[in-house]
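Worksheet for the structure shown next.
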Amino acid sequence: MRMIFAIVALLSVSLSSLSFAAPVSAATPGVTELKWYGQSAFRIITPGGKILLIDPWITNPANPNGKMDLENLGKVDLILLTHGHGDHIGNSVEIAKKSGAGLVATFDLMKAMVSYAGFPEKQADRAMAGSFGGEITLLNGEVTVRFTPAVHGGSMDTDKGPVYAGHPGGFLISIKNGPRIYHTGDTDLFSDMSLLAGSVDLMMVCIGDKFTMGPRLAAQSVKLVRPKMVIPMHFGTFPALTGTPEQFRVELDKLDLGNVMRQMKVGETLVWK
9 MRMIFAIVAL
19 LSVSLSSLSF
29 AAPVSAATPG
39 VTELKWYGQS
49 AFRIITPGGK
59 ILLIDPWITN
69 PANPNGKMDL
79 ENLGKVDLIL
89 LTHGHGDHIG
99 NSVEIAKKSG
109 AGLVATFDLM
119 KAMVSYAGFP
129 EKQADRAMAG
139 SFGGEITLLN
149 GEVTVRFTPA
159 VHGGSMDTDK
169 GPVYAGHPGG
179 FLISIKNGPR
189 IYHTGDTDLF
199 SDMSLLAGSV
209 DLMMVCIGDK
219 FTMGPRLAAQ
229 SVKLVRPKMV
239 IPMHFGTFPA
249 LTGTPEQFRV
259 ELDKLDLGNV
269 MRQMKVGETL
279 VWK
């Protein structure tokens with residue numbers, strides 16, 4: 009299937025290296041929208057109009073419109089969480105209470121979210137839980153989610169200290185009539201990423217260094233996965249996250265991976281069809 013992409017800025021932004029298209033209907037057959045809120049937070053709108061949020065820390069320091077974005081979210085069908093750290097749980101509980109969204113997470117993380125973070129129990133159905141290697145089909149077949157591992161920490165902070173919240177992970181999300189999206193979560197490079205080669209259209213990869221892969225190892229992960237497109241994430245939110253997209257692009261070039269990187273700006277939407 010031929011893949012065409014365009015980056016749509018919600019504000020008036022001119023980027024000579026990207027092509028832009030007018031906003032399209034979320035229910036347009038074959039069209040998937042992906043919005044980046046900064047850090048690891050993304051919104052996916054499927055061709056059927058379903059709304060997914062991944063690690064929705066909408067009000068992170070990198071998002072100047074975070075408060076407004078949170079207020080204007082409206083409909084959300086599913087919230088997908090990679091692990092229990094605060095910069096990934098983010099605003100998920102508030103969003104769930106307001107929207108009625110269901111939680112997609114590993115079984116241990118789902119239990120921790122209900123027990124310690126206040127996620128509505130009725131929206132944390134075990135049918136939406138899984139574990140690494142497992143796959144679930146959701147939203148009447150609109151979305152399939154495979155749970156993928158990650159090499160990172162998985163505790164959750166509470167007012168009584170950190171608690172166990174399961175092992176960290178990522179997701180391979182297959183959209184009906186749309187792309188296959190790999191969100192790495194927070195991770196180091198690991199060789200089993202290569203098992204996803206040939207099955208990923210769009211890869212969101214952490215590049216910030218210190219707590220995750222930096223640009224060099226992130227480029228190595230792209231070499232293993234071989235996605236059609238890669239979007240850097242989890243950088244620049246805090247001074248400690250020193251990896252940059254420019255460094256990432258240099259490392260990709262060293263590996264002769266071509267023009268696979270697409271740098272998004274916070275608040276922009278990528279349209280895939």
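Taken in order, the sequence shown gives residues 9 to 281; the numbers are from the numbering used here.
Idealized CB from N, CA, C, for every residue including glycine.
Since the structure is predicted, the reported quantities are computational estimates derived from the model, not experimental observations.
Nearest candidate by alpha-carbon position, reference residue 271, set 39, 44 and 40: 44
Exposure of residue 143, with buried meaning 16 or more beta-carbon neighbours within 10 Å: exposed
Segments of 3+ residues assigned as beta strand (DSSP E) that fall wholly inside the stretch 183-242: 188-191, 210-214 and 237-241
Within 8 Å, strictly: CB atoms of residue 86 and residue 146: yes
Residue 104 classed as buried or exposed, judged by whether at least 16 other C-beta atoms fall within 10 angstroms: buried
Simplified DSSP state of residue 155, which is helix, strand or coil: strand
Buried or exposed by the 16-neighbour rule on C-beta atoms within 10 Å, applied to residue 58: buried
Outcome for residue 328 when other beta-carbon atoms lying within 10 angstroms are tallied against a minimum of 16: Past the edges of the chain, shown from 9 to 281, lies residue 328, and the structure says nothing about it.
Rounded straight-line distance, which links the Cα of residue 138 to that of residue 132: 12 Å
Length of the line joining the Cα atoms of residue 61 and residue 197: 24 Å
Local Cβ density within 10 Å of residue 260, reported as buried at 16 or more and exposed below that: buried
Completely contained alpha helix (DSSP H) runs for the stretch 39-121, where each covers 4 or more residues: 74-79, 94-97 and 100-107
Beta-carbon proximity list for residue 235, same chain, < 8 Å, skipping 5 on both sides: 190, 208, 209, 210, 211 and 268
Straight-line gap, residue 47 to residue 194 (C-alpha atoms, nearest Å): 10 Å
DSSP state of residue 260 mapped onto helix, strand, coil: helix
C-beta contact flag for residue 192 and residue 158 at 8 Å: yes
Buried/exposed call for residue 150, threshold 16 Cβ in 10 Å: buried
Nearest residue (CA-CA) to residue 258, options 238, 223 and 229: 223
Chain-order list of residues whose beta-carbon lies under 6 Å from that of residue 129 (same chain, five-residue window excluded): 122
Distance, residue 232 Cα to residue 52 Cα: 24 Å
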